[in-house]
Amino acid sequence: MFIAVCLAILVTMSLALARALMGPTVYDRIAAANVFGTKTVLLIAVFAFLSGRMDLLDIALVYALINFISMVAVLRFVKYGEFHSSPDDDKVK
Amino acid sequence: MDLYINIILLALMAITALAILRMTNIFAIVMLFGIFSFLSAVLFVVMDAVDVAFTEAAVGAGISTVLMIATMALIKNQEEKRPLGHRPWLPLLVVFITGAALVYGTLDIPAFGDPNAPAQKHVAPYYLEKSISDTGVPNVVTSVLASYRGFDTLGEVVVVFTAGIAVLILIGGRLTRPTKRRDK
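Read top to bottom, the protein sequences are chains F and P. With my numbering as the guide, the letters of the first sequence map in order to residues 6 to 98. With my numbering as the guide, the letters of the second sequence map in order to residues 2 to 185.
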C-alpha cells in the first residue's frame with residue numbers, strides 16, 4: 006500500500022522534473038518547482054509510515070514551510086523584479 | 002525498498018545536475034537548484050540523517066534560492082557572452098586527470114558502510130550504545146550534534162549569526178541610501 010503510494014509520488018516527481026526541464030514559460034518552472042517541493046513533503050510523510058519512523062513527519066512540516074517561503078520570494082521577484090519594491094523605491098529609481 | 006527509492010532519487014539528481022550544466026536560462030537553473038536540493042534532502046531523510054536533511058532543505062532549497070533570486074534582481078539578467086576562440090580541450094583534459102586522480106585516491110578508503118572502517122571504530126560504538134541512556138534522544142545523529150558536541154554546535158551558530166549580522170550591516174545599510182540609486 007505505502008509502497009504503491011511511494012512509487013506514485015516518485016513518478017509524479019519525475020513528471021514535475023520533466024516540466025521544470027522543458028517548461029517554456031517562467032510560470033511552468035515555478036509551478037514545477039512548487040509541485041516538486043510538495044511531492045517532497047508527501048514522500049517524506051509516506052516514507053515515515055513506510056519505515057515506521059514517525060519523527061520524520063516534523064521534517065515534512067518544515068519542508069512545507071521552506072517551500073512556501075522560497076515560492077513567495079520567487080513569485081515576488083517575477084512580479085516586481087526585486088524584493089524591496091515599495092512606492093518610494095520606484096520614485097527614486 | 003530503501004534501495005529502490007535511493008536509486009530513483011539518485012537518477013533524478015543526475016538528470017537535474019546534467020540539465021543544470023547544459024542550461025543557459027539563469028532563472029530555470031535557480032529553480033532546478035531548488036529541486037536538486039529537495040532531492041538531496043529526501044535522500045538524507047531516507048538515509049536517516051535527519052539533521053543534515055534539515056540543513057540541506059533550509060539552506061539549499063530555502064535560503065539559497067532566495068539569495069540567488071535576489072542576486073538576479075540586482076544584476077538584472079546580464080549574461081556574459083561566451084568568449085570567442087574558447088578551446089575546451091585543455092580544461093577538459095585537466096578535469097579528466099584531476100577526476101582520475103581523485104578516483105584513484107578513493108581506492109584506498111574503506112568501502113561504503115564498511116563496519117570495520119576506522120571512522121566506525123573510534124567513538125561511534127560508544128555513541129550507538131550509550132546515546133539513549135546518556136541523552137535520551139532517539140536519533141543518534143541528533144544526540145551527537147546537540148548533546149555530545151553541543152558546544153561545538155553552539156559555536157557554529159554564533160559564527161553564522163555573527164556573519165549574518167555583519168553582512169546585514171555591510172549590505173543592508175548601503176541599499177537604503179538613495180545616493181547609490183542615482184548612478185544607475
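All residues carry an ideal CB built from backbone N, CA and C; glycine is no exception. Since this is a predicted model, take the numbers as computed values, not measurements.
If you look at Leu80(F), you'll find it in the alpha helix (DSSP H) that goes Leu61 to Tyr85. In the three-state reduction of the DSSP assignment, Ala50(P) falls in the coil class.
Counting only the Cα atoms, Pro92(P) lies some 32 Å from Gly28(F). Considering only beta carbons, the part of the stretch 140-156 of chain P lying closer than 8 Å to chain F consists of Asn140, in chain order. Against chain P, the beta carbon of Phe54(F) has no neighbour under 9 Å; the closest one sits roughly 12 Å away.
Tyr105(P) and Ile166(P) have their alpha carbons spaced roughly 43 Å apart. Here DSSP, grouped into helix, strand and coil, assigns Ile70(P) to helix. Proximity of Gly86(F) to chain P, defined by a Cβ-Cβ separation below 8 Å, is satisfied. Straight across, the Cα-Cα distance linking Phe7(F) with Leu4(P) is about 15 Å.
Here the alpha carbons of Ser65(P) and Val47(P) stand approximately 23 Å from one another.
Taking every protein chain shown into account, the CB of Met18(F) has 16 or more other CB atoms within 10 angstroms, so this residue is buried.
Taking all protein chains shown into account, Asn72(F) has 16 or more neighbouring C-beta atoms within 10 Å of its C-beta and is therefore buried.
Counted as a single uninterrupted DSSP element, the alpha helix (DSSP H) harbouring Glu130(P) occupies residues Ala125 to Thr136. Only residues of its own chain outside the window of five on either side were considered, and among them Val142, Thr143 and Leu146 have a CB closer than 7 Å to the CB of Asp52(P), listed in chain order. Going by beta carbons, Phe41(F) and Ala21(F) fall inside the 8 Å limit. For a Cβ distance threshold of 8 Å, residue set Ala38, Phe41, Gly42 and Ser75 of chain F lies close to Gly35(P), ordered along the chain.
In the DSSP assignment, Asn7(P) falls within the alpha helix (DSSP H) that extends over Asp3 to Arg23. Residues of chain P whose Cβ lies closer than 9 Å to the Cβ of Leu22(F) are, in chain order, Leu13, Ile16, Thr17, Ala20, Leu33, Ile36 and Leu40.
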